[in-house]
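Structure first, commentary second.
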């Protein structure tokens, strides 16, 4: 009887390891449709906040990750995007273009600090340096046509 329990335990561990690698493979598979391909070329040099990211604990005790950017004070439209080939559609939050951008109250003479809420699923699946593949495209008031 003890032998059967050990075999079942080993099988469960192996299945969990296999599931982990399946999820990791899916998370790192490039999207079939590459969006925002030209945003890198059109966006001015981005200025990261310091720190570049942090997290806050929500009301349910779970972390919410934020990636910070300094943008011109007159910027009004924000579009988050990721490096080409990065799969960001890993949770019910949708792909990177649907992630929330929030303006903080921190403003300097020419710039304001904004952040992108990054889903914790993306952070956990992408791992170290997740913030380096997330970027922010912005438009100033004068660039938006009616």
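Numbering (this note's numbering), first residue to last: 55 to 200. Note that the Cβ used here is the ideal one computed from N, Cα and C, for glycine as well.
Rounded to the nearest whole angstrom, the C-alpha separation of residue 166 and residue 102 is 11 Å.
Excluding its 5 nearest sequence neighbours in each direction, residue 110 has C-beta neighbours in its own chain below 6 Å: 118, listed in chain order. Cβ neighbours of residue 108 within its own chain (closer than 8 Å, five residues either side excluded): 119, 120, 122.
The residue from 106, 159, 65 with its alpha-carbon nearest to that of residue 189 is 106.
Its Cα nearest to that of residue 116, the residue 178 stands out among 192, 178, 57. Under the three-state reduction of DSSP output, residue 170 falls in the strand class.
Per the C-alpha coordinates, the member of 124, 114, 61, 60 positioned closest to residue 169 is 124. Residue 186 and residue 131 have their alpha carbons spaced roughly 21 Å apart.
Excluding five sequence positions before and after residue 126, the CB atoms of its chain that fall closer than 7 Å to its own CB belong to 164, 165, 194, given in chain order.
Taking C-beta separations shorter than 6 Å and ignoring five residues to either side along the sequence, the partners of residue 147 in its chain run 173, following chain order.
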